[in-house]
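Chemist: Got a structure for you, questions after.
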């Protein structure tokens, strides 16, 4: 097994899944034609700020939902960071900040990459009117809790597993009214189930996987949660960060494809999407640093940092390898279209407009 | 007896509002009120027109009280600003002095001043543990862990769920113990109360509450289980006197308060009962009616606004009526001294110093 450094010296062709010439051409054509949407990105880094426009451009994704990560839930800081991101997007000729489906499609037509914004987690505290403020400033999705407890509910690694609070139910209602998507990726089981129940709109796990395939990891979702989400028309974005989908020392694109297969077989192809959660840098180093802080306790989340990277999907430049993988697993063009963007666009259209 | 309106009630002389005692008992009550160290564990007397109310506060004949710094939105800097405003008033006024330790209460008694200690209601630490030290540094000596709803620490008594103390909650308790900051659980849920009592190495208190056994629908009161656990660790139950908390009757007053004191004394012993009126100078029922319009619904905590006021203990100047009431119920001088201040001083001395 190569070290991460050695791996990144390989050419993209060497990193990609091997396909026949015909399949390879099919993958290239699909990647060029389809409106690919990544439901959860960190193009501006997560715990540390970073931005490499070239990397974003070369990833080739048509649109993404960028996370504004203020783990301590400070509202002013989150709005400040949103402003900084939007300024950088405005200053990048190939990028455009968007707030609805139509603008994503328009960006694709113009050869630009569309960026939407989500709060990870939400930073509204107890002030419901901040939902409208955040909407006004450009936020179109909110994660209800990070890993620990907040005013709304319990995160997936909290000591307790309570449901939504009264305030949580009001927030769900108000997000529905505002047309803001609800993400439950880091929420605890009961909080997720309550949010699915109380939301009149479909909701998302935008960066996760199937817990049945790797039970120790608290961030993944049990069949019961995935099924409840799909029953309400929701969408599950499969992530690709190391040590979440698998606990093996070697992890990569095949693990991601295993989770896609599993979730598709469980809840249907209309409910599967992509949310890489990629930080455009050394993710495991990042996680090791986070593990030493209060923001994320990896022991509680069942994640052992055994693998150093994800072969085949370690860098945003490998985005197209997802399409190659889906072809290798026998997915049809129509199914691939849904998974890499169609389902995401559908739920954005339905909830945000 | 028909309930006279609050306005008419407040026109009665104090003698008319007080419990009737014979001459000898009256002399006993007055002697105790004057010579014992009297502490109210939970007040809201600095809000509003404090200076206009000073004469009323002096008639209360209380040597010291713990004033609540209330920021229901849990904004830390707003709470520190309010503390600063309160401290400034208290320091400048010749009849009051700030209290930061048990000795300050004794000094106030000696110099004829009233000592004011400060508590946060609820704590405003958010997820930043270092704020506990900041709050201590600026003068806070007690903090309520949660208000009626959920915080990062745990569920309040009026929350939809009854989850226990979070991981962060355990850290907060440990840090408060280390610093010598008192823990108040008055508005906390049952499980948070039990978890905290178990986790805290210092005695803790419910400084404004009553016995749930006497009025089961009111979730702000404490179950026998919580009261016993509290006493086993050397803690205190401060009995409050706000309308519609101790009873659901249309007529409520000092006798209800005495019923709760009697019950708790029998249950956990004389050494664990104190007074925390939670009294304000204005119309409390009007205030509760207003609060019901916010996210703090009275139905969540099982309170109904049946009585318009508390006869015999509606306003701070009726404080001596508690001592009269205890005399009327046959408590010994030694027991009365414990309830009206001795127990409070003991726990403050033990935890704060």
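Protein chains in written order, with our numbering: chain A, 194 to 546; chain B, 13 to 365. Each residue gets a CB set at the ideal place from its N, CA and C atoms; glycine is no exception.
Does residue 179 (chain B) have its Cβ less than 9 Å from a Cβ in chain A?
Modeler: Yes, residue 179 (chain B) counts as interfacial toward chain A.
Chemist: Residues of chain B with CB under 8 Å from residue 360 (chain A), in chain order?
Modeler: Residues of chain B passing the Cβ test: 161, 162, 307.
Chemist: Where does the unbroken beta strand (DSSP E) through residue 77 (chain B) begin, and where does it stop?
Modeler: 76–82 is the extent of the beta strand (DSSP E) around residue 77 (chain B).
Chemist: For the alpha helix (DSSP H) containing residue 224 (chain A), list its first residue and its last residue.
Modeler: Segment 214–226, the alpha helix (DSSP H) holding residue 224 (chain A).
Chemist: Residues in the same chain with beta-carbon distance under 8 Å from residue 13 (chain B), minus the five sequence neighbours each way, listed in chain order, please.
Modeler: At residue 13 (chain B), the pLDDT of 48 sits below 50, so the modelled position is not reliable and the matter cannot be decided from this model.
Chemist: Taking 9 Å as the CB-CB limit, is residue 270 (chain A) close to chain B?
Modeler: No, residue 270 (chain A) lies away from the interface with chain B (no Cβ there is under 9 Å from its Cβ).
Chemist: So, is residue 194 (chain A) buried or exposed, given that buried needs 16 or more other C-beta atoms within 10 angstroms?
Modeler: With fewer than 16 Cβ atoms within 10 Å of its Cβ, residue 194 (chain A) is classed as exposed.
Chemist: Does residue 493 (chain A) have its Cβ less than 9 Å from a Cβ in chain B?
Modeler: Yes, its Cβ sits closer than 9 Å to a Cβ of chain B.
Chemist: In the structure shown, what three-state DSSP assignment does residue 459 (chain A) receive?
Modeler: In the structure shown, residue 459 (chain A) sits in a helix (DSSP, three-state: H, G or I).
Chemist: Which residues, in order along the segment 330–345 of chain A, keep a beta-carbon less than 7 Å from a beta-carbon of chain B?
Modeler: From the segment 330–345 of chain A, only 341, 342, 343, 344 have a Cβ closer than 7 Å to chain B.
Chemist: Which residues in chain B sit within 9 Å of residue 482 (chain A), going by Cβ to Cβ distance?
Modeler: Going along chain B, no residue has its Cβ under 9 Å from residue 482 (chain A), so there is no contact; the nearest lies around 18 Å.
Chemist: Residues in its own chain within less than 6 Å of residue 422 (chain A) by CB, not counting five upstream and five downstream?
Modeler: If we look at residue 422 (chain A) and ignore the five residues flanking it on each side, its Cβ neighbours are 389.
Chemist: Give the residues from the segment 133–154 of chain B that approach chain A closer than 8 Å (Cβ to any Cβ), ordered along the chain.
Modeler: Cβ contacts with chain A: 138, 139, 140.
Chemist: Using only the alpha-carbon positions, how far apart do residue 222 (chain B) and residue 140 (chain B) sit?
Modeler: Taking the straight line from one Cα to the other gives about 32 Å.
Chemist: In whole angstroms, what separates the C-alpha of residue 464 (chain A) from that of residue 528 (chain A)?
Modeler: Going by the C-alpha atoms only, they are around 11 Å apart.
Chemist: When the Cα atoms are used, what is the spatial distance from residue 60 (chain B) to residue 269 (chain B)?
Modeler: One C-alpha to the other measures close to 25 Å.
Chemist: For my contact list, residue 215 (chain B) and residue 359 (chain B) are in at a C-beta cut-off of 8 Å; report their separation, rounded to the angstrom.
Modeler: So it is a contact: roughly 5 Å between Cβ atoms.
Chemist: Run through DSSP, which three-state label would residue 536 (chain A) get?
Modeler: Here residue 536 (chain A) sits in helix by DSSP.
Chemist: If the cut-off is 9 Å on Cβ atoms, which residues from the segment 310–338 of chain B count as contacting chain A, listed in chain order?
Modeler: Against chain A - using a Cβ distance shorter than 9 Å - the residues of the segment 310–338 of chain B are 312.
Chemist: What does the Cβ neighbour count give for residue 356 (chain A), buried or exposed, with the cut at 16 atoms within 10 Å?
Modeler: The residue is buried, with at least 16 neighbouring Cβ atoms inside 10 Å.
Chemist: Considering only their Cβ atoms, is the gap separating residue 272 (chain A) from residue 326 (chain A) smaller than 9 Å?
Modeler: Cβ atoms of residue 326 (chain A) and residue 272 (chain A): closer than 9 Å.
Chemist: Give me the residue from B:322, B:37, B:353, B:159 with the minimum Cα distance to residue 313 (chain B).
Modeler: Minimum Cα distance to residue 313 (chain B) is reached at B:159.
Chemist: Quick one: using the 10 Å Cβ neighbour count with 16 as the cut-off for buried, is residue 370 (chain A) buried or exposed?
Modeler: By the neighbour-count rule (16 or more Cβ atoms within 10 Å), residue 370 (chain A) is not buried but exposed.
Chemist: On a CA-only basis, which of A:502, A:462, A:338 is nearest residue 471 (chain A)? Give me that one, please.
Modeler: Ranking the options by Cα distance to residue 471 (chain A), first place goes to A:502.
Chemist: Expressed to the nearest angstrom, what Euclidean distance is found between the alpha-carbon atoms of residue 145 (chain B) and residue 404 (chain A)?
Modeler: Going by the C-alpha atoms only, they are around 40 Å apart.
Chemist: In angstroms, rounded to a whole number, what distance separates the CA positions of residue 210 (chain A) and residue 246 (chain A)?
Modeler: Their Cα atoms are separated by approximately 26 Å.
Chemist: Do the segment 15–22 of chain B and the segment 39–50 of chain B make contact, defined as three or more Cβ pairs closer than 8 Å?
Modeler: These segments do not touch.
Chemist: Counting contacts by CB-CB distance shorter than 9 Å, is residue 173 (chain B) in contact with chain A?
Modeler: With 9 Å as the cut-off, residue 173 (chain B) counts as an interface residue toward chain A.
Chemist: Are the segment 197–217 of chain B and the segment 241–249 of chain B touching by the rule of at least three beta carbon pairs closer than 8 Å?
Modeler: They touch, by the three-pair rule.
Chemist: Given residue 409 (chain A), which residues of its chain have a CB within under 7 Å of its CB, disregarding the five upstream and five downstream residues?
Modeler: Result list for residue 409 (chain A): 440, 495, in chain order.
Chemist: Just to confirm the assignment, what range does the alpha helix (DSSP H) spanning residue 361 (chain B) have?
Modeler: Run containing residue 361 (chain B): 355–363, per the alpha helix (DSSP H) assignment.
Chemist: Excluding sequence positions up to five away, which residues of its chain have a Cβ less than 7 Å from the Cβ of residue 513 (chain A)?
Modeler: Closer than 7 Å at Cβ, skipping near neighbours: 220, 224, 253.
Chemist: Counting Cβ pairs, one atom from each stretch, are 3 or more of them under 8 Å apart for the segment 278–287 of chain A and the segment 344–354 of chain A?
Modeler: No, they do not touch.
Chemist: What does residue 167 (chain B) reach in chain A if we use C-beta pairs closer than 8 Å?
Modeler: Under the 8 Å cutoff, chain A gives 355, 358.
Chemist: Quick check: what's the CA-CA separation for residue 412 (chain A) versus residue 379 (chain A)?
Modeler: Using only the alpha carbons, I get a separation of about 6 Å.
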